[in-house]
Amino acid sequence: MIIELEKIYKSYNNNNLNSMSRNVLEDISLQINSTDSIAITGPSGCGKSTLLNILGTLDKPDSGIVKIDNEDISRFSEIKSAEIRNRKIGFVFQLHQLLPQLNLLENILLPTLVLKDNKLRDSAQSRAMDLLEIVGLTDKIKQYPGQLSGGECQRTAVVRALINKPEIILADEPTGSLDQESAEQIGNLLLKINKEQSVALVIVTHSMALAEKMNVIYKLNKGKLETV
Ligand SMILES: Nc1ncnc2c1ncn2[C@@H]1O[C@H](COP(=O)(O)OP(=O)(O)OP(=O)(O)O)[C@@H](O)[C@H]1O
Ligand SMILES: [Mg+2]
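FYI, in the numbering used here the residues of the sequence shown are 54 to 281.
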């Protein structure tokens, strides 16, 4: 899968009569191919999550074109966009966004419930257990998010992002709340999947150690993407 951004602009109004709206993203063009691993860095508030949400079709730019596999996504119906998101894109959000009323395993299997591919749906549980083994959470599958540590929730969120075998993973600070060892484990897991299964990887991170493991590092600065 290829995601392309062409001349993306995005600004927010500050709800403040005296201040003008500020361009968070300004003329951003970027192409992501299936084997890429990309780090996006930059100070808090510079627009990294905004950029990731636009890449993942969760948010719309003010102007510019987002293409997935050469198709302009603004032509997709909301149903088609949702299907592509669920089937092709794995998200790891800055806050893990697990559902508190579902246990760990149920949270992970949630994105598989609406799969049209029967084979993928039926094999989801064993895939979940394999991934949980890697992140060391097999003994916690019945626990609810409120009974897990922040790092355990984050590891669960990574497994959930991988459960539908996505073609691209968009991860927003996936290791932010983890200790150094678990952070390294999660980073290595994402990279392993990127390399062995040709799943594109875009990671927003403040960790230079993690960023340096990617093929390309960008810094978002005053709305522009600069290569580091
Ligand atoms: N829905 C919104 N309405 C108004 N302003 C917003 C909205 N979302 C983001 N912003 C503003 O846009 C800017 C970029 O936000 P964004 O969340 O993309 O930053 P970030 O680089 O991810 O920061 P962090 O590293 O702290 O997560 C911030 O100044 C933020 O206040
Ligand atoms: Mg952010």
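Even for Gly, the Cβ is constructed at its ideal location relative to N, Cα and C.
Relative to the non-hydrogen atoms of ligand 2, the Cβ of residue 272 never comes closer than 7 Å to any of them. Look at residue 225: its beta carbon is less than 7 Å from one of the heavy atoms in ligand 2. Looking at the DSSP output, residue 255 shares a beta bridge with 91 and 223. Within the DSSP bridge table, the entry for residue 197 names no partner. Between the beta-carbon of residue 61 and that of residue 96 there is about 20 Å, and that puts the pair past the 8 Å contact cut. In terms of side-chain proximity, the C-beta atom of residue 147 is found nearer than 7 Å to a non-hydrogen atom of ligand 2.
Residue 280 sits in a strand when the DSSP states are folded into three classes. By the 16-neighbour rule on beta-carbons within 10 angstroms, residue 132 is exposed. Residue side-chain check: residue 102 places its Cβ nearer than 7 Å to a non-hydrogen atom of ligand 2. Here the alpha carbons of residue 241 and residue 74 stand approximately 39 Å from one another.
Residue 270 is positioned such that its CB atom lies no closer than 8 Å to that of residue 262.
Within the stretch 102-149, the runs of alpha helix (DSSP H) at least 4 residues long that lie entirely inside it are, in chain order, 131-141.
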